[in-house]
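Mapping of the sequence shown onto my numbering: residues 1 to 135, in sequence order.
We put the beta carbon where it would ideally sit given N, CA and C, even for glycine.
As the structure is a computational prediction, the values presented were derived from the model and not from experiment.
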Amino acid sequence: MKTKNKVLIFLFALVYFFGCSVQGVKYDQEIYLDVSPVEAKRKIEKDRNVLILDVRTVEEFSEEHIKGAINIPVQEMAKRLDELKKYKNYDIIVYCRSGSRSKRASEILVKNGFKHVYNLSGGIIEWKKYFEVEK
């Protein structure tokens, strides 16, 4: 095999195995994407059609939250989806304390037809390492 072909095969293999740096979780051909706080902040600053969704408890939200966020606890998500219908075409950044509850909430949103769902990796704990929160 010629050296050029070997290089092309090697490059193809690299792209195939490592081509996408954004992690996604697939649900019936729909996904939510994990984003870092820096990526989320960039998206918030760049686009006016972004919803920041805090899925922690009301008490946690009242203690501190990301500026502009609305609060729907993950336990209430399924029965409060009607409140989110107007945001169906928005990018939705979902967060909780550390990232576990927001993954569940992201799954619920995706399964209910929301197409632009982003899970904030590390939750508000990770966000506070880079940015301030409202109290």
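With burial defined as no fewer than 16 other Cβ atoms inside 10 Å of the residue's Cβ, what is the status of V74: buried or exposed?
-> buried
Any idea which residues DSSP pairs V38 with across the strands?
-> Note: V38 sits in no beta bridge, so no partner.
Leaving out five residues before and five after N119 in sequence, what residues of the same chain have Cβ atoms less than 6 Å from its Cβ?
-> Y32, D34, V94, S102, K103, S106
Other residues of its chain near L109: CB distance less than 6 Å, five sequence neighbours each side excluded = The answer, listed in chain order, is V117.
The beta strand (DSSP E) enclosing I52, as first and last residue numbers | 50-54
Exposed or buried, which one is E126 when buried takes at least 16 other CB atoms within 10 Å?
-> Classification for E126: buried.
Identify which residue in F131, K85, F61 has its Cα closest to the Cα of N112.
-> K85
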